[in-house]
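Undergrad:
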Amino acid sequence: MDKKVKKPGFIYIYTYELMYNSLLCGKLEELDWLFVDDSILSPDKLARRKWIDDCQILCKIGMTTKPSVSTRLLQWQNTCKHTVVNLTPDKVELLCNRRDSEKSFSKMFQKLSIKSTKKTKNSIAERLLTYRDGGFYVDHRGKRPIEEIENAIHKLLWKKYGQGLIYCYGCDPSGKKRHKEWFRITIKELPWLLQTIDAICHGNDI
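If you're matching positions, the sequence shown starts at 1 in full-length UniProt numbering and goes up one per residue.
1. Three or more C-beta pairs closer than 8 Å, one from the segment 173-193 and one from the segment 56-71: is that the case here?
2. Between the alpha carbons of V92 and P191, how many angstroms are there, rounded?
3. Tell me whether L24 is buried or exposed, calling it buried when 16 or more other Cβ atoms sit within 10 Å of its Cβ.
4. Enumerate in chain order the residues of its own chain whose CB-to-CB distance from D133 is below 8 Å, with the five nearest sequence positions on each side excluded.
5. In the DSSP assignment, the beta strand (DSSP E) including K60 goes from what residue to what residue?
6. Run the CB neighbour count on E74, radius 10 Å, all protein chains shown included, and call it buried at 16 or more, exposed below.
7. Could you give the uninterrupted runs of the alpha helix (DSSP H) lying entirely in the segment 137-183, keeping only those of 4 residues or more?
8. Three-state secondary structure (DSSP) at L18?
9. Among Y167, D172, G135, S39, which one has its Cα closest to the Cα of L201?
10. Using the DSSP secondary-structure output, state which residues sit across from N86 in a beta bridge.
11. Which residue wins for smallest C-alpha separation from I153, given the options D198, A125, R127?
12. Keeping to the same chain, check which residues put their C-beta closer than 8 Å to that of Y20; ignore five residues upstream and five downstream.
13. For the candidate residues E150, F35, L156, whose alpha-carbon lies nearest to that of R48?
14. By the three-class DSSP mapping on this structure, what secondary structure does I124 have?
15. Tell me K50's beta-bridge partners as DSSP assigns them.
16. Which residue from D32, Y167, P145, F183 puts its Cα closest to that of K159?
17. For E17, I'd like the list of residues in its chain whose CB is within less than 7 Å of its CB, leaving aside the five on either flank, ordered along the chain.
18. How big is the Cα-Cα spacing for E147 and L194?
19. With D133 as the anchor, note down where its alpha helix (DSSP H) starts and where it stops.
20. Taking the Cβ atom as the reference point for each residue, do W76 and Y131 lie within a distance shorter than 9 Å?
Below is the structure:
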């Protein structure tokens, strides 16, 4: 039997651009098109409700063997009918810093000053080994094919966060289309997510 040829590629993370901007600016009313099914995780909870969580974000982890992550994201965007945004280390750091600053307005400028002086040494991007060109690069000479790596990441996150269903009117105007590939993650855990995916792509089992 022919052995499957492993291809190099990228693991990437994205979210809805409108969700990212809404969380960044604190305007959740702009997410009135997004519904969540909590009954999948807890049968005693509502089966359908609007998104109201300002400390969580929806993330989708995908993989591509295309030379450009942006090309794959554009394909998803055309399918979903919603503009999506790549959750790069810089965007994650901006969102986390903005959330931290909201907790204490009086310390906002001090926090920004501290972050700006330490960014080159302590930024999230500086701690990642495989991140480049908008995604986590997986070499075809590695121990596992990229499809297996993506599956391992999904299983890890489903075990940690469970599976939920997202009703998206962008894909289906009737509201019957549901997505289960999304992960509802606390914003403060996004740096952990980036570092975990980086470790898996670098060849470390988590």
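All C-beta atoms in this analysis are idealised placements derived from N, C-alpha and C, irrespective of residue type, glycine included.
TA: The short version:
1. Result yes; three or more Cβ-Cβ pairs closer than 8 Å.
2. Each residue's alpha carbon lies about 7 Å from the other.
3. Exposed, since its Cβ has fewer than 16 Cβ neighbours within 10 Å.
4. Only F10, S68, V69 meet the Cβ criterion.
5. Boundaries of the beta strand (DSSP E) harbouring K60: 56-64, taken from the DSSP string.
6. Note that residue 74 is Leu in the sequence shown here, rather than Glu. Around the Cβ of L74, a 10 Å sphere holds fewer than 16 other Cβ atoms; the residue is exposed.
7. Taken in chain order, the complete alpha helix (DSSP H) segments of 4 residues or longer contained in the segment 137-183 are 146-161.
8. Three-state DSSP puts L18 in a helix.
9. It is worth fixing the name first, because residue 201 is Cys in this sequence and not Leu. Taking the Cα of C201 as reference, the smallest distance to any Cα among Y167, D172, G135, S39 is reached at G135.
10. For N86, which the question treats as bridged, DSSP gives the partners Y14.
11. The residue from D198, A125, R127 with its alpha-carbon nearest to that of I153 is D198.
12. Closer than 8 Å at Cβ, skipping near neighbours: I57, V85, L87, K91, L95.
13. Among E150, F35, L156, the Cα nearest to that of R48 is on F35.
14. Coil at I124, not helix or strand.
15. Assignment of beta-bridge partners to K50 by DSSP yields F35.
16. From the listed residues D32, Y167, P145, F183, the smallest Cα separation to K159 is found for F183.
17. In chain order, T83, V84, V85 place their CB closer than 7 Å to the CB of E17, counting only its own chain and leaving out the 5 sequence neighbours on each side.
18. Distance from the CA of E147 to the CA of L194, rounded to the nearest whole angstrom, comes to 18 Å.
19. D133 -> no alpha helix (DSSP H), and no H or E assigned at all.
20. By the CB criterion at 9 Å, W76 and Y131 fall outside the cutoff.
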